[in-house]
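Asker:
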């Protein structure tokens, strides 16, 4: 199944739902960062959650989520654009913990004590951030807790990543449901009960369910319509040009000092695990162009 996301809205317009499949996206991230299974599940959930939040934005806007906890993963950082592209990394990718109740221990890997920070850049004023303490460390419930507590938007979030025995990503996806004014408490309660009765996201995907099917199961008690379909993918914003722009901010003198002491100068991108190598001649050319 190709990675994509759908957005739906109830007939009354007061509840929206998003659902997505991100199997290829998360497998791409696993290969780039060489993550162990528990780290793969944690990063995959965060990437999927970021993609869902990014789908609430307009093209050109960006959201970043950062989990910092007292577990062995230490930190997960994800950025999602309004165009459906997502990128992210985990600070310690080679973390793998024993399963708990047959499931990968994402909460134990992130930790129960720490913070979730969400930063939105809407490109109309300075970016703004909200922060909450980790609720469970399980990613989905922490994002839902943040949306409800910090942004006062009642939300339900489901995320899942299934890792095969050979460590490949077998299935990954998620959903996000939000209540909009005017609030319909009876409808919200009905949707909550329905969500609680559903199998896990990865179970549904491995049964062949599509994002449209998942929204249909969530909104089984109320009419709804699909209002958008978009592709999602792992894509980093780094490039030689962007790295050159970052180097220019160091100033001409410092670039010349680096060139005088380094035959090759490496710059590493955490998001896509790519290293850019600048030769002495390249650095000197940058310095000359600045002059």
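Residue numbers (my numbering): 135 to 425.
The beta-carbon is built from N, C-alpha and C at its ideal position, and this holds for glycine as well.
#1: For residue 395, count the other beta carbons within 10 Å of its own beta carbon; 16 or more makes it buried, fewer makes it exposed. Which is it?
#2: Over the uninterrupted alpha helix (DSSP H) stretch that includes residue 340, give me the two end residues.
#3: Report the rounded CA-to-CA distance for residue 187 versus residue 424, giving the unit in angstroms.
#4: I'd like to confirm the pairing. Which residues does DSSP put opposite residue 196 in its beta bridges?
#5: Out of 289, 292, 206, 200, state which residue places its alpha-carbon closest to the alpha-carbon of residue 212.
#6: Buried or exposed for residue 402, going by 16 or more other Cβ atoms inside 10 Å?
#7: On the DSSP bridge list, what partners appear for residue 295?
#8: Relative to the C-alpha of residue 385, which residue among 305, 422, 241 is closest?
#9: Beta carbon of residue 220, beta carbon of residue 185: below 9 Å?
#10: Can you tell me which of 224, 153, 352 puts its alpha carbon nearest to the alpha carbon of residue 178?
#11: With a cut-off of 8 Å, do at least 3 Cβ pairs link the segment 234 to 243 to the segment 168 to 176?
#12: Answer with buried or exposed for residue 156, where buried requires no fewer than 16 other C-beta atoms within 10 angstroms of its C-beta.
#13: Quick check: what's the CA-CA separation for residue 286 versus residue 398?
#14: In this structure, what does DSSP give as the bridge partners for residue 263?
#15: With DSSP run on the structure shown, which of helix, strand or coil describes residue 311?
#16: Can you check which of these residues, 368, 372, 327, 358, is closest to residue 143 by C-alpha distance?
#17: Given 8 Å as the limit, is there contact between the segment 301 to 312 and the segment 144 to 164, that is, 3 or more CB pairs closer than that?
#18: Within a Cβ cutoff of 6 Å, which residues of the same chain sit near residue 275, ignoring the five residues on either side of it in sequence?
#19: Rank 365, 382, 372, 239 by C-alpha distance to the C-alpha of residue 408 and give the top, closest one.
#20: Measure the alpha-carbon distance for residue 282 versus residue 147 and round it to whole angstroms.
#21: Does the count of Cβ pairs from the segment 254 to 272 and the segment 284 to 302 closer than 8 Å reach three?
#22: Please list, in chain order, all residues of the same chain as residue 166 whose beta carbon is under 7 Å from its beta carbon, the five residues on each side excluded.
#23: What is the residue span of the beta strand (DSSP E) that residue 143 lies within?
#24: Spatial neighbours of residue 331 within its chain, please: CB distance less than 8 Å, with the 5 preceding and 5 following residues excluded, ordered by chain position.
#25: Can you grab the Cα-Cα spacing for the pair residue 347 / residue 190, in whole Å?
#26: Please confirm whether residue 249 and residue 182 have their CB atoms less than 9 Å apart.
#27: Under the assumption that residue 364 contacts residue 159 (Cβ atoms under 8 Å), give the Cβ distance between them as a whole number of angstroms.
#28: If you compare alpha carbons, which of 292, 247, 362, 207 is closest to residue 326?
#29: Hey, could you find the ends of the alpha helix (DSSP H) residue 207 is sitting in?
Answerer: By the coordinates alone:
#1: Answer is exposed; the Cβ neighbour count stays below 16.
#2: Here the alpha helix (DSSP H) through residue 340 covers 335 to 340.
#3: Taken atom to atom, the span from the alpha-carbon of residue 187 to that of residue 424 is near 39 Å.
#4: Listed as beta-bridge partners of residue 196 by DSSP are 215, 255.
#5: Comparing alpha carbon positions, the residue from 289, 292, 206, 200 closest to residue 212 is 200.
#6: Exposed is the call here.
#7: Answer is 306, bridged to residue 295.
#8: For the residues 305, 422, 241, the minimum Cα distance to residue 385 belongs to 422.
#9: Taking 9 Å as the Cβ cut-off, residue 220 and residue 185 qualify as a contacting pair.
#10: Out of 224, 153, 352, 224 has the C-alpha closest to the C-alpha of residue 178.
#11: Contact holds: three or more Cβ-Cβ distances are below 8 Å.
#12: Result: buried.
#13: Cα to Cα, the separation comes out at about 50 Å.
#14: Under DSSP, the beta-bridge partners assigned to residue 263 are 253.
#15: Looking at residue 311 - three-state DSSP - the assignment turns out to be strand.
#16: When only C-alpha atoms are compared, the closest one is 358.
#17: Contact between the segment 301 to 312 and the segment 144 to 164 is established, with three or more Cβ pairs separated by less than 8 Å.
#18: So the list reads 269, once near-sequence residues are dropped.
#19: Nearest option by C-alpha distance: 372.
#20: In this model, residue 282 and residue 147 are separated by some 19 Å (Cα to Cα).
#21: Contact holds: three or more Cβ-Cβ distances are below 8 Å.
#22: Contacts found: 406, 407.
#23: From DSSP, the beta strand (DSSP E) with residue 143 extends over 138 to 144.
#24: Short of 8 Å from the beta carbon of residue 331, and not among the five residues preceding or following it, lies no beta carbon of its own chain.
#25: Answer to the nearest angstrom: the Cα atoms are 20 Å apart.
#26: In this structure, residue 182 does not lie closer than 9 Å to residue 249 by Cβ.
#27: In fact, because the Cβ distance is near 13 Å, the residues do not count as touching under 8 Å.
#28: Cα-wise, what sits closest to residue 326 is 292.
#29: Run containing residue 207: none; DSSP gives neither H nor E here.
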